[in-house]
Amino acid sequence: MDSKGLSLKAGSLPLLLLLVSNLLLCKSVASLPVCPSGAANCQVSLRDLFDRAVILSHYIHNLSSEMFNEFDKRYAQGKGFFTKTINSCHTSSLPTPDDKEQAQQTKHEDLLNLVLTVLRSWNDPLYHLVAEMRGLQEAPDTILSRAIEIEEQNKQLLEGMEKIVGQVQPGVKENEVYSVWSGLPSLQMADEDTRLFAFYNLLHCLRRDSNKIDNYLKLLKCRLIYNNNC
Ligand SMILES: *[C@@H]1O[C@H](CO)[C@@H](O)[C@H](O)[C@H]1NC(C)=O
């Protein structure tokens with residue numbers, strides 16, 4: 007077999023992830039001997055939930071970066087889009103720490119809730135991104151398939167994070183806050199350059215936010231599971 011089979015091509019990623027999550031599942035089942043099969047309330051350990059969340063967030067960030075790079079190469083060459091993107095994401099108003107130092111100083115409850123809020127804020131734009139991308143002239147499948155995969159995995163990660171918050175802060179009733187996205191009309195502009203810039207900006211924001219989430223989750227895992235010894 008060709009050893010390139012293990013490189014992360016968009017098509018093989020879902021399968022790889024499925025294998026990884028099955029492995030994690032087996033591991034978590036094996037490490038929970040006190041849970042009789044079929045028991046109600048049989049919880050996956052916090053460590054396993056974090057392992058899975060970090061794999062997912064890393065995967066989503068990788069896909070987002072690759073999707074942005076592909077889009078940039080295919081549609082944005084020589085258009086000066088990058089200089090226009092500063093600070094114009096729908097999540098920009100959320101109080102996200104800018105660097106590791108700031109994140110270190112943020113309470114874990116706040117960081118966890120922030121991750122939930124950012125993930126929820128992407129549900130709606132990701133749904134529309136996929137729908138509108140289907141209509142893009144000559145959209146390469148490598149871009150569309152990544153968008154579809156990110157939309158799906160974002161939901162998976164959100165579910166996982168809800169389980170984590172349920173264990174870290176049991177009984178805390180939490181508001182389902184999120185930042186509203188109002189960018190749909192800009193993805194449907196008649197003027198091509200305006201429309202392409204709207205896509206570009208959204209993908210740029212997605213790459214930025216997925217990077218933040220990945221960093222926060224790694225930090226939270228280190229703090230909550232390994233007592234900062236990592
Ligand atoms: C995504 O992951 C693959 C496999 O690890 C790697 O080769 C690729 O460079 C990554 N892409 C980005 C943009 O980081």
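Numbering (the numbering used here), first residue to last: 7 to 236. Glycine residues also receive a C-beta, built at the ideal position from the N, C-alpha and C atoms. These figures come from a predicted structure and were not determined experimentally.
Check	Outcome
Inter-stretch contact (C-beta, 8 Å, three-pair minimum) for the stretch 169-187 and the stretch 153-161	no
Residue 29 (DSSP reduced to helix, strand or coil)	For residue 29, the predicted structure reports a pLDDT of 48, less than 50, and the residue's modelled location is therefore unreliable. A value from the coordinates is still provided. Note: residue 29 maps to helix in three-state DSSP.
Close-in-space but distant-in-sequence residues of the same chain around residue 38 (CB under 6 Å, 5 per side omitted)	Low per-residue confidence applies at residue 38: pLDDT is 39, beneath 50, and the placement is therefore not dependable enough to give any value.
beta-carbon residue 181 near ligand 1 non-hydrogen atom, thresh 7 Å	no
Residue 99, DSSP secondary structure in three states	coil
Cβ neighbours of residue 66 in the same chain (closer than 7 Å, five flanking residues each side left out)	156, 159, 160, 163, 216
Segment contact flag, the stretch 72-92 with the stretch 226-233, C-beta cutoff 8 Å, min 3 pairs	no
At least 3 beta-carbon pairs within less than 8 Å: the stretch 125-143 vs the stretch 186-205	yes
Residue 211 in three-state terms, based on DSSP	helix
Proximity test, residue 71 beta-carbon vs ligand 3 heavy atom, cut-off 7 Å	Ligands in the displayed structure: ligand 1; ligand 3 is not one of them.
Burial state of residue 232 (16 or more Cβ within 10 Å)	exposed
First through last residue of the alpha helix (DSSP H) which encompasses residue 147	147-174
Own chain, CB closer than 8 Å to residue 169, minus 5 neighbours either side, in chain order	50, 55
Proximity test, residue 68 beta-carbon vs ligand 1 heavy atom, cut-off 7 Å	yes
Cβ-heavy atom distance, residue 234 to ligand 1, below 7 Å	no
Spatially closest choice to residue 210 from 57, 230, 95, 100, by CA coordinates	95
Beta-carbon spacing of residue 152, residue 73 below 8 Å	yes
The alpha helix (DSSP H) enclosing residue 139, as first and last residue numbers	114-139
Beta-carbon proximity list for residue 127, same chain, < 6 Å, skipping 5 on both sides	97, 184, 185
Buried or exposed by the 16-neighbour rule on C-beta atoms within 10 Å, applied to residue 88	exposed
Residue 75 CB to nearest heavy atom of ligand 1 below 7 Å	yes
Nearest-angstrom beta carbon gap, residue 204 and residue 193 [assumed within contact, 8 Å]	5 Å
Own chain partners of residue 166 with C-beta closer than 7 Å, once the 5 adjacent residues on each side are dropped	55, 58, 59, 62
Residue 7, buried or exposed, once every other Cβ within 10 Å from all chains shown has been counted against 16	Confidence is the limiting factor: at residue 7 the pLDDT is only 40, short of 50, which leaves the residue's position unreliable, though a coordinate-based value still follows. Counting Cβ neighbours within 10 Å, residue 7 comes out exposed, since fewer than 16 surround it.
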